[in-house]
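In full-length UniProt numbering, the protein residues as written are 1 to 140.
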Amino acid sequence: MRSYKIKNFLKELPTYGVLYQREVNEIVDAVCPRCNNEIEDWYHVWKCERNEVELEEILYEAIAEYEEILISDDKKEEVEILRDININFYETMLTQSDILLGYSNFCEVTRIWVKRCDEVAEIEKDRGIDLKKEKKNRGG
Ligand SMILES: [Zn+2]
Numbered sequence: 001m002r003s004y005k006i007k008n009f010l011k012e013l014p015t016y017g018v019l020y021q022r023e024v025n026e027i028v029d030a031v032c033p034r035c036n037n038e039i040e041d042w043y044h045v046w047k048c049e050r051n052e053v054e055l056e057e058i059l060y061e062a063i064a065e066y067e068e069i070l071i072s073d074d075k076k077e078e079v080e081i082l083r084d085i086n087i088n089f090y091e092t093m094l095t096q097s098d099i100l101l102g103y104s105n106f107c108e109v110t111r112i113w114v115k116r117c118d119e120v121a122e123i124e125k126d127r128g129i130d131l132k133k134e135k136k137n138r139g140g
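Written out as C-alpha cells, the structure is:
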C-alpha cells in the first residue's frame with residue numbers, strides 16, 4: 001500500500017518536462033530551471049547538480065541497511081537479489097521502492113523534491129512566472 005503511494009508520488013512529480021508536455025502556460029521549455037543544463041525529467045530531478053544531497057548516497061545507505069537486515073536474518077538468496085538490483089538506482093527506485101525507500105529514506109527523497117520546488121519558485125519569481133496565481137475577478 002505504501003509502496004503504491006510512493007511509486008505514484010514519484011511518477012507524477014510535475015517536473016518542467018512534465019509541465020512543458022502538458023502545455024502549461026508560461027513554461028516555455030522543458031529545461032531544468034535550476035541548472036539550465038538538461039531537460040528536467042524525472043531522472044534529472046534526482047541527479048541535478050543543484051541538489052545538496054545525492055540520491056545515490058541515500059540509496060546506497062538504504063541498500064546497505066537492508067542488506068544488513070537480510071544478512072542478520074541469514075537470507076542469502078535475498079542478499080544476492082539485492083546486489084543485482086543495485087545496478088540501476090533510478091529504475092530500482094520505481095520498481096523496488098518498497099524495499100529501498102523505508103520511511104526515513106522516503107523523507108530524504110521528499111526533501112530533495114521540496115527543496116527543488118522552493119528553488120524553482122524563486123527562479124520563477126525572478127522570471128515573472130506565477131504558476132500558482134489564482135484567477136481573480138478583475139474589479140467589477
Ligand atoms: Zn538541473
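The beta-carbon is built from N, C-alpha and C at its ideal position, and this holds for glycine as well. Predicted model, so just to flag it, every value in this text is computed and none were measured.
- Under the DSSP definition of a beta bridge, Val-109 lacks any partner.
- By the neighbour-count criterion, in which a residue is buried when 16 or more other Cβ atoms sit within 10 angstroms of its Cβ, Tyr-60 is exposed.
- When the five nearest sequence neighbours on each side are left out, the beta carbons in the same chain lying within less than 6 Å of the beta carbon of Asn-51 are those of Ile-112, in order along the chain.
- Just so you know, the alpha carbons of Asp-41 and Gly-128 end up roughly 23 Å apart.
- Taking a cut-off of 8 Å on C-beta distances, the stretch 68-86 does not touch the stretch 13-20, as fewer than three cross pairs fall below it.
- DSSP places Ile-27 outside both helix and strand once states are collapsed to three, so it counts as coil.
- Of the candidates Glu-38, Val-45, Ile-39 and Val-24, the residue whose Cα lies closest to the Cα of Val-114 is Val-45.
- Ile-69: member of the alpha helix (DSSP H) spanning 55-72, first to last residue.
- The alpha-carbon of Asp-73 is positioned some 50 Å away from that of Asp-29.
- Setting aside the 5 residues that flank it on each side, Ile-71 is surrounded in the same chain by Val-79, each with a C-beta closer than 8 Å to its C-beta; the list follows chain order.
- CA-to-CA, the gap between Ile-123 and Glu-38 works out to about 16 Å.
- Measuring C-alpha to C-alpha distances from Cys-117 to each of Glu-67, Cys-32 and Lys-11 identifies Cys-32 as the nearest.
- Short note on Cys-107: C-beta not closer than 6 Å to any heavy atom of ligand 1.
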